[in-house]
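160 is the number that the working numbering gives to position 159 of the sequence shown; each next residue is one higher, with no gaps. Every residue gets a Cβ at the ideal spot worked out from N, C-alpha and C, and that includes glycine. Here is the structure we will look at.
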Amino acid sequence: MDGHEVILDIRGLTKEFPGVRALSNVSFQVRRGTVHALVGENGAGKSTLIKILTGVYSASAGDFLFKGKAVKVEKPLDAQRLGLSVVHQELKLVETLSIAENIFLGRPQTGACKLVNWRAMRAAAQKLVDDLHIKLDVSQEVSRLSVAQKQIVEICKALSFNAELIIMDEPSATLTENELECLFDIIERLRRRGITVIYISHRMEEIFRIADVVTVLRDGEHIRTLPVAEVSRQELIALMVGRELGNEYPKIEAQITDIAMEVRDLHREGVLHDVNFHVRHGEILGLAGLVGAGRTETARAIFAADKATGGDIFINGKKVQIRTVRDAIRHHIALIPEDRKQQGLILGMSVKHNVSIVDLNNVCANGLISEKKERSLAKEMIQKLDISTPTEEKEVRLLSGGNQQKVVLSKWLVVDSDIMIFDEPTRGIDVGAKSEIYKLMCGLARQGKAVIMISSDLPELIGVCDRIYVMREGTISGCIEREDFSQEAILDMAIS
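In structure tokens form, the structure reads like this:
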């Protein structure tokens, strides 16, 4: 890396909020034409650092140099004009506009009389796309694009500002394997053009796949910056969490007994086709498959969040009718959804209210909600699940991803659910919190509960599950026992 000039030199950046120091004297350098990974647990200071670099926040102390010059970035447009852009995890595109219009949003190509030169704008946008060796028609409406294609539009938007450094914040969170490969190809093309990428991700395999250098932040402090080739996966995790995690996938064996739930010929017109599987008490059952295979749709149909058009469900050997979510809850089925923020939580409400919301009878006295009971229940779950929050009154939107996931889980434990369906339970969660989620799932299995885990992360399925069903095109394509687990076997069933 010594042959690369320094493009970004961060010197003593500190950011203080009332009562909280989010960053403390952070210093490190990023070299031109490299992929520089930025890692750390949720709350480590990654987002705060990026917001300072891009003008969303101002630093309390310290500064940074860009291309050897001290710069003052007071708003995002200042950063873009310098050549520093961000591709956010939550994409910021106007769905009803075309690709070209999104790329040049707010600064259209104009001709005589200051009228928009649509031909010139489309040509400029098309060149940006073509230079990445991607086949996209820039006149296409953004709403018709896949998530991966939308990310490409964001990258092209960054390049339209002549970006020399692009920050990618969790870009792989919702991508399929093929889309991820496409993203990696684009990053490699950017690197060959001398463009620098700061890559933020919780996925260790991606860091070791594409990054040249990695910087670790922990509790707002710079821990270490070093070449990726000089650190092992376990060493990097230890730097991030400040301790040895031991087994990354802690599998606690549980006694597996009789069948808790059996699904027969589950059908949803155009989506699911004769889905058959069962899960036993004490078992963690994995549900694997490519994006679009029908895993989430199966979970939602079982839970009656989406209406199934056929099939039967048996609970402890007895056929049950589940027509509504309330029916599912009554039969002790819980769904921890893929999108916890939109579907699992009421973000503007407190931890206390989110914990009790599934069944308010638990916190009622004489037909009225008891503040005392609600507070007591929330405190009990905070202690039981080790939810990191200063008080049960804190708004759940202010918690980290891992703690939000625990709040989602807590509301189902309150109603004593026996069949727990976890849909992508560790998405967007740091490595330390992931380990806690795995332990909680194993603990539920040891209590005799049946756990279904849907995940796109094959190593975690292999590490935690007792059996894995694989889905393809809306149906079950096969089942793999623990002794036969391998990524190759799962992918073979998922694509063949």
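Residues near ARG225 by beta carbon distance below 7 angstroms, same chain, minus five either side:
VAL217, LEU240
Buried or exposed: which applies to PHE350, given that a residue is buried once 16 or more other Cβ atoms fall within 10 Å of its Cβ?
Strictly speaking, residue 350 in this sequence is Met, with Phe absent from that position. With fewer than 16 Cβ atoms within 10 Å of its Cβ, MET350 is classed as exposed.
Span separating the alpha-carbon of TYR250 from that of HIS268
33 angstroms
Going by DSSP in three states, GLN90 sits in which element: helix, strand or coil?
coil
Beta-carbon spacing of LEU346, ALA495 below 8 angstroms:
no
Look at the alpha carbon of ILE337 and the alpha carbon of ILE438, and state the distance between them as a whole number of angstroms.
12 angstroms
Report buried or exposed for LEU361, applying the criterion of at least 16 other Cβ atoms within 10 angstroms of its Cβ.
exposed
Looking only at its own chain, which residues have a Cβ that is under 6 angstroms from the Cβ of ILE187, when we skip the five neighbours before and after it?
LEU133
I'd like to know if PRO228 contacts chain E, where contact means its C-beta is closer than 8 angstroms to some C-beta of that chain.
The structure shown has no chain E; it contains just one protein chain.
Roughly how many angstroms separate the alpha carbons of ARG234 and ARG123, rounded to a whole number?
44 angstroms
Exposed or buried, what is SER99 when buried is set at 16 or more other beta-carbons lying within 10 Å of its beta-carbon?
buried
Among LYS440, GLY13, PHE423, ARG120, which has the Cα closest to the Cα of LEU288?
PHE423
For LYS435, which option in LYS412, VAL465, ASP419, VAL416 has the closest C-alpha, if you only look at C-alpha atoms?
VAL465
Return the first residue and the last residue of the beta strand (DSSP E) that LYS151 is part of.
No beta strand (DSSP E) contains LYS151, which is instead part of the alpha helix (DSSP H) from 148-161.
Have a look at ILE481 and MET454 and give me their C-alpha separation to the nearest angstrom.
14 angstroms
Quick check: does the Cβ of ASP138 come within less than 7 angstroms of any heavy atom belonging to the ligand ATP?
No copy of the ligand ATP appears in this structure; indeed no ligand is present at all.
Could you tell me if ARG483 is buried or exposed, where buried requires 16 or more neighbouring beta carbons within 10 angstroms of its beta carbon?
exposed
According to DSSP, is ARG447 part of a helix, a strand, or is it coil?
helix
Just how far apart, CA to CA, sit LEU462 and VAL214?
28 angstroms
Going by the CB atoms, is the gap between ILE199 and LEU160 shorter than 8 angstroms?
no
Can you list, in chain order, the residues of its chain with a C-beta nearer than 7 angstroms to that of GLN405? Leave out the 5 residues immediately preceding and following it.
ARG341, LEU346, VAL397
Do LEU66 and VAL74 have their beta-carbon atoms positioned less than 8 angstroms apart in this structure?
no
Span of the beta strand (DSSP E) holding ILE422?
420-424
Classify MET2 as helix, strand or coil using the three-state DSSP reduction.
Its pLDDT being 49, under 50, MET2 is placed unreliably in this model, and the coordinates cannot settle the point.
Where are the alpha helix (DSSP H) runs, 4 residues long or more, that stay fully inside the segment 60-128, in chain order?
77-83, 100-104
Measuring CA to CA, which of GLU142, GLN141, ILE104 is closest to ALA125?
ILE104
Drop a sphere of 10 angstroms on the beta-carbon of ALA498, count the other beta-carbons inside from all chains shown, and report buried for 16 or more, exposed for fewer.
Because the chain is modelled from 2 through 497, residue 498 falls outside the range shown and cannot be assessed.
Taking its Cβ as the centre, do 16 or more other Cβ atoms sit within 10 Å of PRO172, making it buried, or is it exposed?
buried
Identify the continuous beta strand (DSSP E) that holds CYS480 and give its terminal residues.
476-482
Is the separation between the beta-carbon of ASN355 and that of VAL432 shorter than 8 angstroms?
no
In whole angstroms, what is the alpha-carbon distance linking HIS37 and GLN448?
43 angstroms
Under the three-state DSSP convention, the category ALA350 falls into:
Correcting the residue identity first, residue 350 is Met in this sequence and not Ala. The answer is coil: DSSP assigns MET350 none of H, G, I, E or B.
Closest by C-alpha distance to PHE162, when choosing among GLN81, LEU14, ARG281:
GLN81
Verify whether the separation of the beta carbon atoms of LEU410 and LEU386 is less than 8 angstroms.
yes
When the distance is taken between beta carbons, is LYS374 closer than 8 angstroms to VAL364?
yes
Buried or exposed: VAL117, going by 16 or more other Cβ atoms within 10 Å of its Cβ?
exposed
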